[in-house]
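Enquirer:
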Amino acid sequence: MELLSGADMIARALHDEGVEYIYGYPGGAALHIYDALFRQDKVQHILVRHEQAATHAADGYARASGKPGVVLVTSGPGATNAVTGIATAYMDSIPMVVLCGQVASHLIGEDAFQETDIVGVTRPIVKHSFSIKHPSEIPEVIKKAFYLASSGRPGPVVIDIPKDMTAPTERYEYSYPKKVRMRSYSPVTRGHSGQIKKAVELMLKARRPLFFTGGGVVSGRASEALTDLVRRLNFPITTSLMGIGAYPQGDRQCLGWPGMHGSYESNNAMHHTDLIICIGARFDDRVTNNTSKFCPTAKIIHVDIDPSSVSKTVRADVPIVGPADAVINEMISLVQGRELANPDALEAWWSQIDGWRAEREGKLYEPSAPGEPLKPQQVVEAVHRATRGEAFVATDVGQHQMFAAQYYKFQRPNRWITSGGLGTMGFGFPAAMGIKMSYPEDDVVLFTGEGSFQMMMQEFSTCKQYGIGVKIINLNNQSLGMVRQWQDLNYKSRHSHSYMESLPDFVQLAGAYGFRAIKVHTVEELEPALEEAFRNKDELVFLDIYVDPREHVYPMQVPLGSMRDMLLTKTERT
Amino acid sequence: MRHIISILMENEPGALSRVVGLFSQRNFNIETLNVAPTEDATLSRLTVTTVGEDRVIEQITKHLNKLVDVVKLVDLTEGSHIERELMLVKVKALGAQRDEIKRTADIFRAQIVDITPSLYTIQITGDGGKLDAFLAAMQPVGVLEVARTGVSGIARGEKVLSL
Ligand SMILES: Cc1ncc(C[n+]2csc(CCOP(=O)(O)OP(=O)(O)O)c2C)c(N)n1
Ligand SMILES: [Mg+2]
Numbered sequence: 001m002e003l004l005s006g007a008d009m010i011a012r013a014l015h016d017e018g019v020e021y022i023y024g025y026p027g028g029a030a031l032h033i034y035d036a037l038f039r040q041d042k043v044q045h046i047l048v049r050h051e052q053a054a055t056h057a058a059d060g061y062a063r064a065s066g067k068p069g070v071v072l073v074t075s076g077p078g079a080t081n082a083v084t085g086i087a088t089a090y091m092d093s094i095p096m097v098v099l100c101g102q103v104a105s106h107l108i109g110e111d112a113f114q115e116t117d118i119v120g121v122t123r124p125i126v127k128h129s130f131s132i133k134h135p136s137e138i139p140e141v142i143k144k145a146f147y148l149a150s151s152g153r154p155g156p157v158v159i160d161i162p163k164d165m166t167a168p169t170e171r172y173e174y175s176y177p178k179k180v181r182m183r184s185y186s187p188v189t190r191g192h193s194g195q196i197k198k199a200v201e202l203m204l205k206a207r208r209p210l211f212f213t214g215g216g217v218v219s220g221r222a223s224e225a226l227t228d229l230v231r232r233l234n235f236p237i238t239t240s241l242m243g244i245g246a247y248p249q250g251d252r253q254c255l256g257w258p259g260m261h262g263s264y265e266s267n268n269a270m271h272h273t274d275l276i277i278c279i280g281a282r283f284d285d286r287v288t289n290n291t292s293k294f295c296p297t298a299k300i301i302h303v304d305i306d307p308s309s310v311s312k313t314v315r316a317d318v319p320i321v322g323p324a325d326a327v328i329n330e331m332i333s334l335v336q337g338r339e340l341a342n343p344d345a346l347e348a349w350w351s352q353i354d355g356w357r358a359e360r361e362g363k364l365y366e367p368s369a370p371g372e373p374l375k376p377q378q379v380v381e382a383v384h385r386a387t388r389g390e391a392f393v394a395t396d397v398g399q400h401q402m403f404a405a406q407y408y409k410f411q412r413p414n415r416w417i418t419s420g421g422l423g424t425m426g427f428g429f430p431a432a433m434g435i436k437m438s439y440p441e442d443d444v445v446l447f448t449g450e451g452s453f454q455m456m457m458q459e460f461s462t463c464k465q466y467g468i469g470v471k472i473i474n475l476n477n478q479s480l481g482m483v484r485q486w487q488d489l490n491y492k493s494r495h496s497h498s499y500m501e502s503l504p505d506f507v508q509l510a511g512a513y514g515f516r517a518i519k520v521h522t523v524e525e526l527e528p529a530l531e532e533a534f535r536n537k538d539e540l541v542f543l544d545i546y547v548d549p550r551e552h553v554y555p556m557q558v559p560l561g562s563m564r565d566m567l568l569t570k571t572e573r574t
Numbered sequence: 001m002r003h004i005i006s007i008l009m010e011n012e013p014g015a016l017s018r019v020v021g022l023f024s025q026r027n028f029n030i031e032t033l034n035v036a037p038t039e040d041a042t043l044s045r046l047t048v049t050t051v052g053e054d055r056v057i058e059q060i061t062k063h064l065n066k067l068v069d070v071v072k073l074v075d076l077t078e079g080s081h082i083e084r085e086l087m088l089v090k091v092k093a094l095g096a097q098r099d100e101i102k103r104t105a106d107i108f109r110a111q112i113v114d115i116t117p118s119l120y121t122i123q124i125t126g127d128g129g130k131l132d133a134f135l136a137a138m139q140p141v142g143v144l145e146v147a148r149t150g151v152s153g154i155a156r157g158e159k160v161l162s163l
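As you go down the protein sequences, you meet chains A and B in turn. Residue numbers for the first sequence follow full-length UniProt numbering, so the first one is 1 and each next one is one higher. Residue numbers for the second sequence follow full-length UniProt numbering, so the first one is 1 and each next one is one higher.
1. In the DSSP assignment, find the unbroken beta strand (DSSP E) run with residue 23 of chain A in it and report its ends.
2. For residue 426 of chain A and residue 346 of chain A, I'd like the C-alpha separation in whole angstroms.
3. Looking at residue 551 of chain A and ligand 4, is the gap between the Cβ and the nearest heavy atom below 6 Å?
4. Helix, strand or coil: which one does DSSP assign to residue 548 of chain A?
5. Is residue 575 of chain A near ligand 2, judged by its Cβ being under 6 Å from some heavy atom?
6. Terminal residues of the continuous beta strand (DSSP E) containing residue 419 of chain A?
7. Under 9 Å Cβ-Cβ, which residues of chain B neighbour residue 302 of chain A?
8. For residue 450 of chain A, verify whether its CB is less than 6 Å away from any heavy atom of ligand 2.
9. Nearest by alpha-carbon distance to residue 473 of chain A: which of A:281, A:542, A:485, A:495 is it?
10. For residue 57 of chain B, does the three-state DSSP call read helix, strand or coil?
11. Is residue 169 of chain A helix, strand or coil by DSSP?
12. So with CB distances below 9 Å, who are the chain B contacts of residue 148 of chain A?
13. Anyone know if the C-beta pair for residue 59 of chain A and residue 87 of chain A falls short of 7 Å?
14. State yes or no: is the beta carbon of residue 71 of chain B nearer than 7 Å to at least one beta carbon in chain A?
15. Which residues does DSSP pair with residue 124 of chain B in a beta bridge?
16. Out of A:255, A:292, A:231, which one is the CA nearest neighbour of residue 560 of chain A?
17. What does residue 542 of chain A pair with, by DSSP beta-bridge criteria?
18. Is there a Cβ from chain B that is less than 7 Å from the Cβ of residue 124 of chain A?
19. Roughly how many whole angstroms lie between the Cα atoms of residue 510 of chain A and residue 47 of chain A?
20. Taking the C-alpha atoms as reference points, what is the distance between residue 27 of chain A and residue 116 of chain A?
21. Cβ atoms of residue 135 of chain A and residue 170 of chain A: under 7 Å apart, would you say?
22. With a threshold of 16 other CB atoms inside 10 Å of the CB of residue 55 of chain B, please say whether the residue is buried or exposed.
23. Consider the Cβ of residue 3 of chain B: report whether some Cβ of chain A lies at a distance smaller than 7 Å.
24. Per the contact definition of three or more C-beta pairs closer than 8 Å, is the segment 534–552 of chain A in contact with the segment 241–260 of chain A?
25. How long is the line joining the alpha carbons of residue 506 of chain A and residue 9 of chain B, rounded to whole angstroms?
26. Under the three-state reduction of DSSP, which class applies to residue 44 of chain A: helix, strand or coil?
27. Report yes or no: is there a C-beta of chain B within less than 7 Å of the C-beta of residue 183 of chain A?
28. At a CB distance below 8 Å, what residues from the segment 30–64 of chain B approach chain A? Give them in sequence order.
29. Could you tell me the boundaries of the alpha helix (DSSP H) in which residue 123 of chain A lies?
30. Beta-carbon of residue 25 of chain B versus every beta-carbon of chain A: anything under 7 Å?
31. When the cut-off is 7 Å and only beta carbons count, does residue 552 of chain A lie next to chain B?
32. At the 7 Å Cβ level, is residue 308 of chain A part of the contact set with chain B, yes or no?
33. Return the Cβ separation of residue 69 of chain A and residue 434 of chain A in integer angstroms, given the expectation that the two are a contact with Cβ distance under 8 Å.
34. Is residue 192 of chain A close to chain B? Criterion is C-beta to C-beta, closer than 7 Å.
35. Are there three or more Cβ pairs, one per stretch, closer than 8 Å when the segment 212–229 of chain A is compared with the segment 382–389 of chain A?
36. Just to make sure I have the definition right: I need the residues of chain A whose C-beta is within less than 8 Å of the C-beta of residue 17 of chain B. Which are they?
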C-alpha cells in the first residue's frame with residue numbers, strides 16, 4: 001500500500017471518485033491541498049474569482065451532468081463566501097461536496113486567524129457535514145461525502161479539514177473504499193407496492209386527473225419513464241419550475257408550470273383537478289398559493305424519495321416514499337392493459353383545459369411595435385428560435401428568470417438551470433460556466449438582469465482564463481424589475497431602491513476583458529445580434545438588451561388566494 | 001398533544017447540535033431534553049419531549065430520522081411506556097417547617113439528600129406531573145433552586161429500542 005499525506009489523499013480520492021473539475025479559491029488553510037493539486041494532472045481545478053461563484057459553478061455542473069459538483073475553499077472568509085451557494089444547492093437538492101480548509105486542530109476554538117466554525121454555520125443548509133479528526137480518515141470521509149451528496153434526496157455535504165490533517169510530513173496508508181455503508185443512512189430503493197397499486201386504481205378512476213412533477217424527476221433520471229406513463233394515460237401534466245423539461249414542453253399534454261407566475265391553464269387545472277399525481281415536487285408556497293384554498297376537490301398522490309416532503313405543506317391521501325423512476329416504472333406495469341374507468345370524463349376534462357388555453361392564446365403579452373422598447377418576452381422567444389430550443393439555459397433571479405421559464409420551451413431535462421428554492425441573484429453566470437465546461441459542444445445561454453449580473457460579474461475574468469464561451473443575454477430593464485413589480489402592485493409604485501441609477505456600460509465592461517459585446521435597443525437589431533452571438537459556440541458574447549422597464553410578469557397569483565386567482569395583465573384579473 | 005421521542009444517535013461530535021438545531025430551524029418546540037451515552041459506546045440516547053399537533057409531530061419524527069447521525073427513533077407516547085424525571089430542589093427549611101417539609105417529602109417518596117441549618121436539598125423522581133406537584137407543595141416554604149434532568153423514558157414490555 002501507498003503512503004500519502006492527507007493533502008495527496010484528497011487529490012487522489014477525488015480522482016478515484018471520478019471528479020473532473022474542482023471549483024475553488026486558495027488560501028492559507030488550504031495550501032497543502034493546493035500544493036497536492038499542483039503535483040497531479042488528473043483533476044482540473046478551476047480558479048473562480050469569488051468563492052460564491054465556485055459553489056454556483058459546481059452547482060451548474062451538477063444540475064447539467066447529474067454528477068456531484070466539487071468545491072474547494074479556504075477557512076474563514078473563503079468558507080463563509082461559499083455559504084450562499086451551499087444554501088442554494090441545499091434548497092434545490094443538488095449534489096455537491098464542499099471541501100473547506102480549517103485552521104490547525106490545536107488552534108480551533110481560539111479565534112485563530114481565519115477561523116470560522118463552518119460546520120456550525122452551514123449546519124441548517126447541508127445534508128450532512130464532516131470534520132476530519134485524523135488524516136487516515138480522509139479517503140473514507142470523502143467516499144461517504146460523495147455517497148451522501150448523490151444518493152437519496154441529493155444535497156450538499158461539507159468537509160471541514162484542519163490544516164494539520166493535510167501536512168506533507170505525515171503520511172498514511174491510502175486506499176479508496178469501493179463502497180461505504182452507514183448504519184444510520186439507507187435511502188429507499190423502491191416504493192411500497194400496496195400504495196402504488198392504490199395510487200394506480202385512483203388514477204384509472206379519476207375524472208379530472210393531473211400530473212404534477214418536480215425536480216425529483218430530473219435528479220432521479222425518471223424523465224423517460226414519466227413521459228411514457230403520461231402518454232399512455234393521456235393525462236395532462238404540469239411540471240414545477242424545478243421540474244421543467246422532464247416532460248417536453250410544447251407537447252399537447254404539457255400545460256407549462258404552475259404557481260405564482262405559472263400558466264393560466266396550469267393553475268386552473270390544478271384548482272379543478274380531482275386527482276393530483278405529484279412526483280418529486282414538494283408543494284412549496286410559490287406553487288400552492290394559500291394552502292387552505294389549494295385544490296379543493298383533489299385527492300393527492302404524493303411520490304417523493306424524502307418522507308419529510310410528503311404531507312409537509314399539503315396532506316397526501318396516498319403517500320409513496322420511493323425513487324421516482326422505480327415508482328413510475330411500477331405504475332407503468334400496473335396500467336398496462338388496463339382501461340380508464342371514465343374515458344368520457346377525461347375527454348371533457350381535456351376540452352375544459354383546451355378552453356383555458358384558448359382563452360389566453362395570443363394574449364400573453366403585447367410584442368413591441370417598431371420604435372418602442374423591446375419586450376423581454378419577445379427576446380426570450382427570439383433566443384429560443386436562435387438556439388432551436390436546444391440550449392442549456394441558466395438564469396439569475398427576477399423577472400427575466402420568469403420570462404425565460406415561460407417562453408423558452410424545453411424538450412429535455414437538465415437543460416433548465418435556475419435557483420428555484422433560494423432564488424439567489426448571482427447564481428446564473430457561474431452556473432452557466434459550470435455547465436459550459438461539461439458541455440463545451442452545446443450552446444449555453446444565460447438569461448440575466450443588470451441587477452443580478454452585477455452580483456457575480458467578476459467571473460468575466462474566469463471565463464477569460466479558461467475560454468468559457470457562454471452567451472449572456474442581459475435583459476436590461478434598468479431596474480430591479482421584480483422588486484419594482486411588487487412595488488407597483490403593493491406600494492403604489494413607490495420604487496424604493498429598485499432603480500439602478502448608475503449602471504455601467506456593459507459593452508465596455510465586457511470589452512475590458514476582451515469579449516464581444518453588443519447593445520440592442522430595437523426589434524431590428526435583435527435578430528442580427530443573436531445571429532452574431534451564436535455564430536461561434538466557443539466565444540463568450542454579451543448582449544446588453546434594453547427592454548421595457550414597465551413590463552410585469554403575468555399571470556401572477558393573487559396573494560392568499562386559490563390557485564386560479566390570478567392577475568392576467570395590469571388591468572385584468574380572474 | 002405531548003410526545004416523548006427517544007433517539008439512538010451516533011456518539012459523534014456535532015450530532016447533538018444537529019438534533020437541537022433542527023428544532024429551532026424548523027420552529028419545533030422542545031419542552032425537555034436529556035442526553036447520555038448508552039451501554040454501546042458508539043451510541044447516545046437522547047430523549048426529547050415536545051408538544052404539537054399530529055401533523056407537526058409527524059414532521060418532527062421524519063426530519064429527525066433524516067439526520068444522518070440518527071440511527072433509530074421511537075415515539076414512546078404511541079405505546080404504553082415508563083417515563084421518569086429526576087429533580088434536585090433546594091428549599092428553605094427553618095424551625096417547625098423542617099418537620100413539615102420532611103413529612104411532605106415522605107408523602108412524595110422524595111429523599112432529603114443534603115442539609116444545612118437553614119435549608120434542605122431534596123431528590124425526587126417521577127413523571128413530570130409528580131415533580132410539578134411537589135414543587136407546588138414546596139412553594140409556601142420557599143423554593144430556592146431547582147435542577148431537573150428532563151424526561152427519560154422507555155417502552156413497557158418486550159419492546160426494545162436497539163440496533
Ligand atoms: C441575493 C439576492 N438579493 C435580493 C434578492 C431579491 N430580489 C429578487 S428579484 C430582484 C431584482 C432582480 O433584478 P434584475 O437582476 O435586474 O432582474 P429583473 O427582475 O429586473 O429582470 C431582487 C432584488 C434576491 N432574490 N437575491
Ligand atoms: Mg433588471
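Heads up, the beta-carbon is just placed ideally off N, CA and C, and yes, glycines get one too. Since the structure is predicted, the reported quantities are computational estimates derived from the model, not experimental observations.
Expert: In brief:
1. If you number the first sequence from 1, residue 23 of chain A lands on position 23. Taken as a continuous stretch (DSSP letters only), the beta strand (DSSP E) holding residue 23 of chain A covers 21–24.
2. The count along the first sequence starts at 1 and reaches residue 426 of chain A at position 426. The count along the first sequence starts at 1 and reaches residue 346 of chain A at position 346. Taking the straight line joining both Cα atoms gives about 44 Å.
3. As far as ligands go, the structure on display features ligand 1 and ligand 2 and does not contain ligand 4.
4. In the first sequence, counting from the first residue as 1, residue 548 of chain A sits at position 548. Coil, per DSSP.
5. Lying outside 1 to 574, the shown extent of chain A, residue 575 of chain A is not represented and no answer is given.
6. Against the first sequence, residue 419 of chain A aligns to sequence position 419. Premise fails: residue 419 of chain A is in no beta strand (DSSP E) and is neither H nor E.
7. What you label residue 302 of chain A is simply residue 302 of the first sequence in a count that begins at 1. Those within 9 Å of residue 302 of chain A in chain B number zero; the least Cβ separation is about 13 Å.
8. Working through the first sequence from its first residue, we reach residue 450 of chain A at position 450. The answer is yes for residue 450 of chain A.
9. Counting from 1 along the first sequence, the entry for residue 473 of chain A is found at position 473. Measuring from the Cα of residue 473 of chain A, the nearest candidate turns out to be A:542.
10. Residue 57 of chain B sits at position 57 when you count from the first residue of the second sequence. Helix, per DSSP.
11. Taking the first residue of the first sequence as 1, we reach residue 169 of chain A at position 169. Reduced to three states, the DSSP call for residue 169 of chain A is coil.
12. Position 148 of the first sequence, counting from 1, holds the residue named residue 148 of chain A. Within 9 Å Cβ-Cβ: 68.
13. As a first step, residue 59 of chain A must be located in the first sequence, where it is residue number 59. As a first step, residue 87 of chain A must be located in the first sequence, where it is residue number 87. Not closer than 7 Å, so no.
14. Counted from its first residue, the second sequence places residue 71 of chain B at position 71. True, the Cβ-Cβ gap to chain A drops below 7 Å.
15. The residue labelled residue 124 of chain B in the question sits at position 124 within the second sequence. Residue 124 of chain B is bridged to B:87.
16. Numbered from 1 along the first sequence, position 560 holds the residue referred to as residue 560 of chain A. For residue 560 of chain A, the nearest C-alpha among the options comes from A:292.
17. Reading the first sequence from its first residue, position 542 is the one you call residue 542 of chain A. Answer is A:472, A:517, bridged to residue 542 of chain A.
18. Your numbering for residue 124 of chain A matches position 124 in the first sequence. Cβ-Cβ to chain B under 7 Å: yes for residue 124 of chain A.
19. Here residue 510 of chain A corresponds to residue number 510 of the first sequence, with the count starting at 1. Here residue 47 of chain A corresponds to residue number 47 of the first sequence, with the count starting at 1. Using only the alpha carbons, I get a separation of about 19 Å.
20. Walking along the first sequence from the start, residue 27 of chain A turns up at place 27. Walking along the first sequence from the start, residue 116 of chain A turns up at place 116. If you take the alpha carbons of residue 27 of chain A and residue 116 of chain A, they lie about 14 Å apart.
21. In the first sequence, the residue the question calls residue 170 of chain A occupies position 170. In the first sequence, the residue the question calls residue 135 of chain A occupies position 135. Contact flag set, yes.
22. Counted from its first residue, the second sequence places residue 55 of chain B at position 55. It counts as exposed.
23. Residue mapping note: residue 3 of chain B aligns to position 3 of the second sequence, counting from 1. With 7 Å as the cut-off, residue 3 of chain B does not count as an interface residue toward chain A.
24. no
25. Translated into the one-based positions of the first sequence, residue 506 of chain A becomes position 506. Translated into the one-based positions of the second sequence, residue 9 of chain B becomes position 9. So the two alpha carbons sit approximately 54 Å from each other.
26. Locating residue 44 of chain A in the first sequence gives position 44, counting from the first residue. Here residue 44 of chain A sits in strand by DSSP.
27. If you number the first sequence from 1, residue 183 of chain A lands on position 183. Chain B contact via Cβ: present.
28. 55, 58, 59, 62, 63
29. Taking the first residue of the first sequence as position 1, residue 123 of chain A is located at position 123. From DSSP, residue 123 of chain A is part of no alpha helix (DSSP H); its letter is neither H nor E.
30. Residue 25 of chain B sits at position 25 when you count from the first residue of the second sequence. Residue 25 of chain B counts as touching chain A.
31. Counting from one through the first sequence, the residue named residue 552 of chain A turns up at place 552. Residue 552 of chain A does not count as touching chain B.
32. Mapped onto the first sequence, residue 308 of chain A falls at position 308. By this cut-off, residue 308 of chain A is an interface position.
33. What you label residue 69 of chain A is simply residue 69 of the first sequence in a count that begins at 1. What you label residue 434 of chain A is simply residue 434 of the first sequence in a count that begins at 1. Right, their Cβ atoms sit about 7 Å apart.
34. Within the first sequence, residue 192 of chain A is the residue found at index 192, counting from 1. Not an interface residue.
35. no
36. By 1-based counting over the second sequence, the position of residue 17 of chain B is 17. Those are 120, 123, listed as they occur along chain A.
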